[in-house]
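Protein chains in written order, with our numbering: chain V, 417 to 621; chain C, 417 to 621.
Even glycine gets a Cβ: it sits at the ideal position worked out from N, Cα and C.
Below you'll find the structure, written out as C-alpha cells, and then a few comments.
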DNA sequence: ATATAGTTTAACCAAATGGTTAACAAAACT
DNA sequence: AGTTTTGTTAACCATTTGGTTAAACTATAT
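So this is what it looks like as C-alpha cells:
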C-alpha cells in the first residue's frame, strides 16, 4: 500500500479507485465491489459518500472532462496566429494527456455511449465549442496565400487526429510497435514538436 | 420490419442483431434480451444457436476483425513503392470503414478491454503484424534522400491516426462540426485523396 | 465520563440478468 | 400417416449486483 493512501481522505480514495476502475472497465463493466476493493473500504461506504453508481461515475467523469475541454476551446478561439495556435493546441493537449492517460479513452467511451447527454454535460445547452473561428482563420490564410490551398475541415481533422489518436489507441500501438511504457511516453513527447513540424511542412508555401 | 429480415435465417438475424447491440452498448452493456428483441425472437433461441453470451460475442467479433486485419497487414508488408503503399492503405481502410462504420469502435473497445486476448485472437500466438517492413522502407527512402528526414515511427503514426481517428471519433466530430450523416460520409470519402496528398506535401523534397 | 454526530462495517434485500428446462410446433424423413 | 429431428417458446432458476439497514466504532464536544 502507498503511504499516500493512508493520508488520503476516504472520499479521495474512493474517487481515485473509481477513476481507475471506470477507466479500465467502463461504466457498465465496472463493479461497485471492485471499486470498494481498490479503495480498500466497504462497499456501503461508496453509497455513503456518493448516493449511487451513476452519481459516482458522473463525479469522476465531469471532474476530469470539465477541467480540460474548456481549455481546448479557448485555444481554438484565441487570437493567436495560425501556426502558434496549432502548436499550442498540440502541446497542451499532449501534456494534459500524458498526465491523465486514461482521459481520452474515458471521454471517447462516454461520447459513444450517449453523445447528446455527453455534450450537454460538458458544455451545457447553448455553449457548444466553436471550431468555426479556427476554421475561418485557416480559410483566411489560404485566401491570403500564406499557406497552401487546403480544406480547413480536413486540416482540422488532421491536427486533432494526429494529436489524439495515439492516446486512444495506446494498447494497439505499444503492442504492434513493441514499445514499453517509457518508450511510448518518449514518442508522445516527441510528437509535441513532430506534429506541428509535419503540418508546417505540409501546408507552408 | 425489413423485407430482408423475413428472408434471413434465424441465425443471420441473431448475428445482425448481436452486431448492432454489441457495437452500440459494448460487450458488458449489451443485454441478451436486447439482442433477442432486436432479432425478434425468444431469448432462449440465442442460447440454442450460440452457447452463451461470450460465444456469441466472439463470433460476431472475430467475423469482423479477422476478415479485415490481415488485409492491412498484407498491404504494409507488400512490395509496393512507399507512396503507392500509403495511398493503398488509406484507400482500403477508409473504404472498409465506410461499409462497416461500427468496426473501428468495436475493435478499439475490445483492444482496450483485454489487449493480450485480443491480439491473440486476431493474429494467433506468433503471427503478429509486422509494420517493421514498412518502417524499414520509410527509413530507406529517407537515407536515399527521396523524402525529407522524418522518423518512420512518427510518419507511421501520422498515417494511421489521420485515417482511423475520424471513424472512432465520429460522434464528437459530427456534433462539433455540425455535420449530418451524409456530409460526414462525404468528408470521409474526400479524405481518401486528402490524406495521401497531405502526407506527400509534408515529406516530398 | 457521557452524549452526539460522523464514519465504517457485516448482513441483508430486491431487481436484473445469463442461462436452463420442458413442452410445443414445424419440418424432414420413413 | 406416423416418427424423428430441428426450431421455438414460456416459465423458471441461480447468480450477480446495486443498493439498504441497523449496529458498531471513532472522535469530538459538553
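Under the 8 Å Cβ criterion, the segment 467 to 476 of chain V does not count as touching the segment 567 to 585 of chain V, having fewer than three qualifying pairs. By the Cβ-count criterion, residue 479(V) is exposed, with fewer than 16 other Cβ atoms from all chains shown falling within 10 Å of its own Cβ. Nearest in C-alpha terms to residue 521(C), of all of 615(C), 620(C) and 582(C), is 582(C).
A straight line joining the alpha-carbon of residue 519(V) with that of residue 506(V) spans about 16 Å. The Cβ-Cβ distance between residue 429(V) and residue 448(V) does not fall below 7 Å. Closest by C-alpha distance to residue 597(C), out of 611(C), 441(C), 439(C) and 514(C), is 514(C).
Look at the segment 565 to 581 of chain V: the residues with a C-beta under 9 Å from a C-beta of chain C are 566, 567, 569, 570, 571, 572, 573, 574, 576, 577, 578, 579, 580 and 581. For residue 591(V), the C-beta contacts it makes with chain C under 7 Å involve 531 and 535, in order along the chain.
The beta carbon of residue 504(C) sits closer than 6 Å to the beta carbons of 491 from its chain, once the five residues preceding and following it are set aside; these are given in chain order.
For residue 606(V), the residues of chain C that pass the 8 Å Cβ criterion are 567 and 570, in the order they occur in the chain. Sequence-distant Cβ neighbours of residue 547(C) in its own chain, meaning closer than 8 Å and more than five residues away, are 492 and 572. DSSP, reduced to helix, strand and coil, places residue 457(C) outside both helices and strands of the structure shown, so it counts as coil. The shortest CA-to-CA distance from residue 535(C) to any of 587(V), 487(V) and 528(V) is the one to 587(V). Looking at the DSSP output, residue 491(V) sits in no beta bridge, so it has no partner there. Residue environment analysis places residue 460(V) among the exposed positions, since fewer than 16 neighbouring C-beta atoms fall within 10 angstroms of its C-beta. In the DSSP assignment, residue 596(V) falls outside any alpha helix (DSSP H) and carries neither an H nor an E.
Residues of chain C with a Cβ closer than 8 Å to the Cβ of residue 547(V) are, in chain order, 592 and 593. At a cut-off of 4 residues, the continuous stretches assigned as alpha helix (DSSP H) that sit fully inside the segment 495 to 564 of chain C are 498 to 515, 519 to 529, 531 to 539 and 548 to 560. Note that the C-beta distance between residue 578(V) and residue 611(V) is below 7 Å. Of all residues in the segment 514 to 526 of chain V, the ones placed with a Cβ closer than 9 Å to any Cβ belonging to chain C are 521, 523, 524 and 525, in chain order.
If you compare the alpha carbons of 440(C), 487(C), 499(C) and 431(C) with that of residue 517(C), the shortest gap goes to 440(C).
Under the Cβ criterion of 7 Å, residue 555(C) is not counted among the residues facing chain V. For residue 444(V), the enclosing alpha helix (DSSP H) starts and ends at 426 to 445. Straight-line spacing of the CA atoms in residue 486(C) and residue 589(V) works out to 16 Å.
From the beta-carbon of residue 444(C), the residues of chain V found nearer than 9 Å are 441, 442, 443, 444, 445 and 446.
Per DSSP, residue 471(C) has no beta bridge partner at all.
In the three-state reduction of the DSSP assignment, residue 620(V) falls in the strand class, which pools E and B.
Annotation for residue 577(V): the continuous alpha helix (DSSP H) segment containing it runs 568 to 584.
By alpha-carbon distance to residue 537(V), the top candidate from 523(V), 446(V) and 550(V) is 523(V). Nearest to residue 530(C) by alpha-carbon distance, out of 501(V), 585(V) and 512(V), is 585(V). Counting only the Cα atoms, residue 608(C) lies some 9 Å from residue 508(C). Annotated three-state conformation of residue 466(V) is coil, per DSSP. Within the same chain, and ignoring the five residues on either side of residue 435(V) in sequence, the residues whose Cβ sits closer than 8 Å to its Cβ are 476, 480 and 518.
At a C-beta separation below 7 Å, residue 584(C) has these neighbours in chain V: 524 and 584.
The C-beta of residue 532(C) has fewer than 16 other C-beta atoms within 10 Å across all chains shown, which makes the residue exposed.
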